[in-house]
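**Student:** Residues -21 to -1, 1 to 228 (mature numbering (1 follows the signal peptide of the UniProt record, and there is no 0)) make up the sequence shown, in order.
Beta carbons are placed, not taken as given, at the ideal position from N, Cα and C, and that holds for glycine.
The model shown is predicted, which means the values in this text are computed figures rather than measured ones.
Take this structure first; my questions come after.
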Amino acid sequence: MTPRRSLVAALVLPAVVALVAAGCTGGDGPRPETSASDGGTSAASATPADDGGPGDGGGAGDDGGADDGEGSDGGSGDGGGSGADDGSGDDTPAPTSAPPFVADTRPDQAEPTGAGGTLLTVTDIRTGVHPGFDRVVFDLGGTGPGAPGWDVRYVPEALDDGSGHRVEVAGDAILQVRISGTAAPTDSGVPGADRTPIRPADTEAVEEVLYRTWFEGYSTAFVGIDDGERPFRVFLLTDPVRVVLDVQH
């Protein structure tokens, strides 16, 4: 080999080796890891939305006495449960299925607190519709730090406290709502709820709500239910004080 050819080979050979080495690392070599911090994606656990009811983190414990989702006009509420918890006012799509309804048809009872120092009267009754259930809200006003109790159960017929007078209630089943630890309007200083029957046009389970009267510490209402006995749940909200009844669709 002449000196000129030896010089050319000495210059070309290292370049060829470098090109071959670079090509071998193109497809099979290790790739840099991608993380959430550098713009990549990572899996996250999904938490189901709270339905605002008791037993699953909702109800009185989750909103600190915030809006119960119904209107404030008395009678038919907001005409369809379009309160703060139905997604109105933003671009959030409406839920396509109802959350689990943790309830049954057995009596639901709770004892009042603050007896003797609390004077509460049912001042208004409102209704609304939510995914999977109808809601009936009993507003209470008055004085004192205590809270009302309740005894809610299905009864074969609606009978007034004291007189035993039979009351006609629309529906195939009757829920009797007795709110305990309440006072007459003359004692609490606030007006009582209207006794005009409430017949919501948009509810699926609740046909009628009929508030009767206060008698010996109990405020009684009857709720007519369509298509027989359905699961229900009852819980307390505060600030202001409300007893909430949910009936499953």
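Select from Arg157, Leu99, Gln88 and Ala180 the residue whose C-alpha is nearest the C-alpha of Asp113.
**Tutor:** Ala180
**Student:** Would you mind sorting Arg85 into buried or exposed? The rule is 16 or more other CB atoms within 10 Å of its CB.
**Tutor:** exposed
**Student:** With 8 Å set as the bound, which would you pick, yes or no: does the beta-carbon of Val156 sit closer than that to a beta-carbon of chain D?
**Tutor:** Protein chain content of the structure displayed is limited to a single chain, and chain D is not contained in it.
**Student:** So what does DSSP say about Asp103, is it helix, strand or coil?
**Tutor:** strand
**Student:** Leaving out five residues before and five after Asp7 in sequence, what residues of the same chain have Cβ atoms less than 6 Å from its Cβ?
**Tutor:** Here Asp7 scores only 42 on pLDDT, less than 50, and its place in the model is too uncertain to base an answer on.
**Student:** Would you tell me roughly how many angstroms separate the C-alpha atoms of Val146 and Pro110, rounded to the nearest one?
**Tutor:** Rounded to the nearest whole angstrom, the C-alpha separation of Val146 and Pro110 is 31 Å.
**Student:** From Pro91 to Trp193, what distance separates their C-alpha atoms?
**Tutor:** 15 Å
**Student:** Tell whether a beta-carbon distance below 8 Å holds between Arg132 and Gln155.
**Tutor:** yes
**Student:** Put Thr165 into one of helix, strand or coil per three-state DSSP.
**Tutor:** DSSP places Thr165 within a helical segment (H, G or I) once states are collapsed to three.
**Student:** When burial is assigned at 16 or more other CB atoms within 10 Å of the CB, is Ala94 buried or exposed?
**Tutor:** Counting Cβ neighbours within 10 Å, Ala94 comes out exposed, since fewer than 16 surround it.
**Student:** If you draw a straight line from the alpha carbon of Thr217 to that of Gly143, how long is it in whole angstroms?
**Tutor:** 32 Å
**Student:** Hey, could you find the ends of the beta strand (DSSP E) Ala89 is sitting in?
**Tutor:** Asp87 to Ala89
**Student:** Counting C-beta neighbours from all protein chains within 10 Å, is the total for Thr165 16 or more, i.e. buried, or is it exposed?
**Tutor:** exposed
**Student:** CB Ile104 to CB Val223, shorter than 8 Å?
**Tutor:** Not closer than 8 Å, so no.
**Student:** Would Gly121 and Leu98 qualify as a contact pair, given that the criterion is a beta-carbon distance under 8 Å?
**Tutor:** Yes, the Cβ-Cβ distance between Gly121 and Leu98 is below 8 Å.
**Student:** Hey, would you say Asp87 sits closer than 8 Å to Arg212, going by beta carbons?
**Tutor:** yes
**Student:** Can you name, in chain order, every residue of its own chain whose Cβ lies under 6 Å from the Cβ of Val169, other than the five neighbours on each side?
**Tutor:** Answer for Val169: Thr100, Thr102, Gly120 and Gly121, listed in chain order.
**Student:** Would you mind working out which of Phe214, Gly171, Thr182 and Glu183 sits nearest Tyr197, comparing C-alpha positions?
**Tutor:** Gly171
**Student:** Would the beta-carbon of Asp173 fall within 8 Å of that of Glu186?
**Tutor:** no
**Student:** Would you kindly work out how many angstroms separate the C-alpha atoms of Gly203 and Phe80, rounded to a whole number?
**Tutor:** 20 Å
**Student:** For the beta strand (DSSP E) holding Gly203, just list the boundary residues, first then last.
**Tutor:** Tyr197 to Ile204
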